[in-house]
Amino acid sequence: MTGEKPKKIKPGRWVLLVLTTVFIYLLDKPLGGLPAIGRLLDPMAGCWANAEPVNEDFSTAIKLPGLQKASVWLDERLVPHIHTETEHDAYFMQGYIHATFRLWQMDMQARAAAGRVSEVVGEKAFRFDRKQRRKGMVFAAENSLRAMESDPATKAMMDAYTEGVNYYISQLRYRDLPLEYKLMGFKPEPWANLKIALLLKYMADDLSGKVDDLGMTFLKGILDSGQMERLFPEKIQGSTPVIPSGTVFEQPSLAPKRVPDKKTLFPSFQPDDFGEVREDGKGSNNWVLSGSKTASGAAILCNDPHLGLNLPSLWFEVQLQAPGLNVYGASLPGTPGVVIGFNDSVSWGFTNNYRDVKDYYLINPVANEKNKYWFGGNQLAFSPRIEKIGIKGKPDFLDTISYTIHGPVMYDNNYGERDGMKKMLAVCWMAYRPTNELKAVYMLNKARNYNEFVDAIMNFQCPAQNIAYADRQGDIAVWGQGQFVNKWKDQGRFVMDGTDSATLWQELIPMRENPHVLNPPQGYVASANQNVTDSTYPYHDRGGFVELRAWRINQVLSGLSKARVEDMFALQNETYSYLAANIVPGLLKYTASVQSRYLDGLRQWDYRLTAESEPATFFQVWWSFFYGEVWYPLLGGHVPNNLMPLHERTMQLFLSDVHPLKGVPVDGYYSAIVSRSYRMATDSMARSEKQGSTQWYNIKNTTVSHLAKLPAFSFDHLKVGGWGNTVNATKRDHGPSWRMVVQMGKEIEAYGVYPGGQSGNPGSRYYADFLQHWADGKYYRLLFLPNSEQQDDKQVRWKWSIN
Amino acid sequence: MRFLYSVFIVAVLSAAAAYFLPWWSVAVVCFLAAMFMKQSGGRAFLMGFCGVGLQWLTIALLSDVANDHILSSRMASLFHLPSYVLFIAVTVFIGGLVGGLAALAGALLSPKAAVRQV
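Chains as they are written, first to last, in my numbering: chain C, 99 to 901; chain H, 47 to 164.
See the structure below:
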């Protein structure tokens, strides 16, 4: 070879090298909606690296700087049981572990809270992001963060947690990233305490952010006050309030507010001023039984918060141990502590308390003075806050949001879109206040008795919650908790005149005067988003309460004695519809002479919305047409937020034959509506039958969606019964997000299940391994380990030894 | 036999490269290997295709079997492929194509190839 003379390579031969380089370059870049294919498919570091072996050995030894010796035991369901020598180490480890199993989810949800999704997905999330900013989500989180960081306990808790998350992130290589980062083409950024505050505000928005003020304002313009009270009563007739009737409330320290003697408190709007789409309310159940009602003689606490059903799941089970701390329950990935759970002394749970803590104000800008508005006869200056929304592939969008004495101007002529208003509306919301709910979580996790429980929840200001409590000494209690304003009647029920100082939120009601009950004579307390109080409560506490589930739960619990945990499982999973049981006989009365298999089905039906039931489908369809036929003709089809009277109120009016607007029985009024809606329902059923099964679960299509809405990582048509009107309130994309039953005996017996799995990795067998169990209404016995350095429980499968 | 050796060597070297370097380093391996070998363009392409394909197939299969096809089935469904087998096939094909093209480019620019063809 040495003798050969190298010849020149023809230039054309370089072409392929160039083409190949371009080809590889393209495979390394996300194109259009597609991820970077080459990088994604690379078996070494791409998606294949997320294929977790099904028999993965999770045991490991880890060196973590700044920590003392610690252990994490993982049980067979991948629940970590963290044992540490200091609280700092416990929260550090919780952060580290949340990041290990749920990093992408924490990251995305914090981004969603802050309106920063467009930064990673581009323009399609812009509308969402902008709404978050207009709502003042970041403003709210920053305010709370100040309160959280000025309290040494929560500051230390957050710092440790954030440190743990960031340590985990700092050692990640590309191959270790959660699959979704590889698909979406971005990387985790460092965690921060602000993100913890953002996630808590995200919950506050989910639970207290939707109010009917706009719809109510519209309806006030077309209905008289008698009709308003008939259709939207402050306390619905027959309500079984959370705090049982007969409970004596604390003496009010504040005088009840009088309605200001003015005609201009509420502006009026025209129908075409609106257009917001209503979102369905979130519900939840919790109840506590005292030992007098249970077979074991120990108190039982049950809770099932109904929230969005997603994967990775909202909740992550964890046990935390440190000196003076041994708590188990559901934690929110991205935040420290256990939100719903129990420790070795007490247990607690949450349901939403719909008492109104968010109001709208019509702002009157000063003519020719762009930066000022009228308030109390004076001109006040708006304080501007600039929100910079980053959009992938586009320049940043700057939105200047004007803050008023009430709160941020959500709607103005720059921002109305499909959402709402061309008028200038400001929002006043308890979530903007510098509240520290994390302090409540911190103290609840360590509470040893009722008094410490009460001290803890005095920090729980927003969102308002009905907090249930049961302990091993046998005490049970519920508090209708939150920070509330001493309002005058109807203050904030409608959009208020923001120029009038009489409409301003004034003094706060001392939280210890919040409605509560300890060990009531009836032996149980139940909350399911119904009215919190009866009419003897001294303050105004109007809100968006619902009653159907509460009626049923009270019906069952009042008749129960010697209750066992299995009875609690059955009740949490019950699909008996109180609405159907009352409505169906009424509907059938009008159709007694009609022959049809649908009606035959209903005539024999047990009013249970079981998964396979076809009569259940027919009832739901018929009722939905009936409801529409009652209200649309009277209220028009364009009520903002699609606000209509409650189903339970509709039921009452129908059963008593009362004309909704006239307020007196009108003979035959409902007969025409029944037959019209019946025809519509049978047509609709016939159409559905052509497309497949009309079993209830198939029509309802309960779906647990991946957070990025990827059907491949989601599960649909789950075989679950129930609906919003049954205790098992599993709807299409909302439902019991965590079912927990805890018997607080000598030994704590706890059960739980949630629709998902501990791992957020779609390539893991632990991604959705609880889902079927949840759909079947089954529970896991929760492994509550003693606070000790050694564990020999056979359910413990793996161990992490730290330092 | 020599061809099989070269495929095997490309597979091992590209695995080592991809372990330490970005995924596209497999292309550099194929390119360089082909440049220093005396073979036709077609054979070079085949060597690169089979070498990287073999490496990607091996690792993907090992991951997939240990994983009970959980990930590959979900990825297949994400890309609207009827089965996880196809997702593996797509993976191998893309890897093979990258390796094959790089090797072909290497062969075309190989001084030895230039000599032989003159």
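All residues carry an ideal CB built from backbone N, CA and C; glycine is no exception.
Note that the structure is predicted; figures quoted are calculated from it, not measured.
| Check | Outcome |
| --- | --- |
| Mind pulling the chain C residues with CB within less than 9 Å of H/Leu117? | Cys145, Trp146, Asn148, Ala149, Glu150, Leu277, Asn859, Pro860, Gly861 and Ser862 |
| Go ahead and label C/Met204 buried or exposed: buried means 16 or more other beta carbons lie within 10 angstroms of its beta carbon, across all protein chains shown. | buried |
| Under three-state DSSP, which class holds H/Ala147? | In the sequence on display, residue 147 of chain H carries Leu and not Ala. The answer is helix: DSSP assigns H/Leu147 an H, G or I state. |
| Helix, strand or coil: how does DSSP classify C/Glu332 here? | coil |
| For C/Leu292 versus C/Leu243, is the C-beta spacing smaller than 7 Å? | yes |
| Please confirm if C/Ala866 has its CB atom under 7 Å from at least one CB of chain H. | no |
| Within its chain, find whatever has a CB closer than 6 Å to the CB of C/Tyr189; leave out the 5 residues flanking it on each side and keep chain order. | Met255, Ala258, Tyr259 and Pro434 |
| Span of the alpha helix (DSSP H) holding C/Leu732? | Glu712 to Leu733 |
| Could you check the C-alpha separation between C/Asp517 and C/Leu409 for me, to the nearest Å? | In this prediction, C/Asp517 scores a pLDDT of 49, lower than 50, which makes its location untrustworthy; no coordinate-derived value is stated. |
| According to DSSP, is C/Thr184 helix, strand or coil? | coil |
| How is the beta strand (DSSP E) around C/Met508 delimited, first residue to last? | Val507 to Tyr509 |
| Within the same chain, show all residues whose beta-carbon is closer than 7 Å to that of C/Lys490, passing over the 5 residues directly before and after it, in chain order. | Ser216, Glu217, Val218, Val219 and Gly220 |
| Within 10 Å of its beta-carbon, does H/Leu67 have 16 or more other beta-carbons around it, so buried, or fewer, so exposed? | exposed |
| Going along the segment 786-820 of chain C in order, which residues come within less than 8 Å of chain H, judged by CB to CB distance? | Leu808, Pro809, Ala810 and Phe811 |
| Take every Cβ of the segment 539-551 of chain C, pair it with every Cβ of the segment 458-470 of chain C, and state whether three or more of those distances are shorter than 8 Å. | no |
| Using the Cα positions of H/Arg162 and H/Val136, report the straight-line distance between them to the nearest angstrom. | Because H/Arg162 carries a pLDDT of 48, less than 50, the predicted location of this residue cannot be relied on, and no value is offered for it. |
| So what does DSSP say about C/Met838, is it helix, strand or coil? | strand |
| By the three-class DSSP mapping on this structure, what secondary structure does H/Ser119 have? | helix |
| Straight-line CA distance for C/Gln789 to C/Arg695? | 18 Å |
| Is any beta-carbon of chain H found at less than 7 Å from that of C/Thr198? | no |
| Quick one: does H/Met121 have its CB under 7 Å from some CB of chain C? | yes |
| First and last residue of the alpha helix (DSSP H) that includes H/Val98? | Gly87 to Ala112 |
| Check the Cβ-Cβ distances between C/Gly130 and every residue of chain H, and say whether any is below 7 Å. | no |
| Helix, strand or coil: how does DSSP classify C/Asn740 here? | helix |
| Can at least three beta-carbon pairs, one atom from the segment 824-841 of chain C and one from the segment 147-164 of chain C, be found at a separation below 8 Å? | no |
| To which residues of the same chain is C/Glu197 closer than 6 Å at the C-beta, ignoring the five residues directly before and after it? | At residue 197 of chain C the sequence reads Ala, which differs from the Glu that was named. If we look at C/Ala197 and ignore the five residues flanking it on each side, its Cβ neighbours are Val263 and Tyr266. |
| Just the C-alpha distance for C/Lys127 and C/Pro133, rounded to the nearest angstrom, thanks. | 7 Å |
| Rounding to the nearest angstrom, what Cα-Cα distance links C/Thr804 and C/Gly822 in this structure? | Note that residue 804 of chain C is His in the sequence shown here, rather than Thr. The alpha-carbon atoms of C/His804 and C/Gly822 are separated by roughly 22 Å. |
| Distance check for C/Gly324 and C/Arg356, CA to CA, integer angstroms please. | 20 Å |
| Strictly below 8 Å CB to CB, what residues from chain C border H/Gly171? | No information on residue 171 of chain H is available, as it lies outside the stretch 47 to 164 that chain H covers here. |
| What would DSSP say about C/Val663, mapped onto helix, strand or coil? | helix |
| What is the residue span of the alpha helix (DSSP H) that C/Gly136 lies within? | Ile135 to Leu139 |
| Skipping 5 residues on each side, what residues in its chain have a beta carbon closer than 8 Å to that of C/Val772? | Leu685, Tyr688, Thr689 and Phe724 |
| Closer than 8 Å by C-beta to H/Ile105: which residues in its own chain qualify, once you throw out the five before and the five after it? Chain order, please. | Ala61 |
| Rounding to the nearest angstrom, what Cα-Cα distance links C/Asn451 and H/Pro128 in this structure? | 47 Å |
| On a Cα-Cα basis, can you pick out the residue from C/Trp112, C/Val177, C/Tyr123 and C/Thr119 that is closest to C/Ser857? | C/Val177 |
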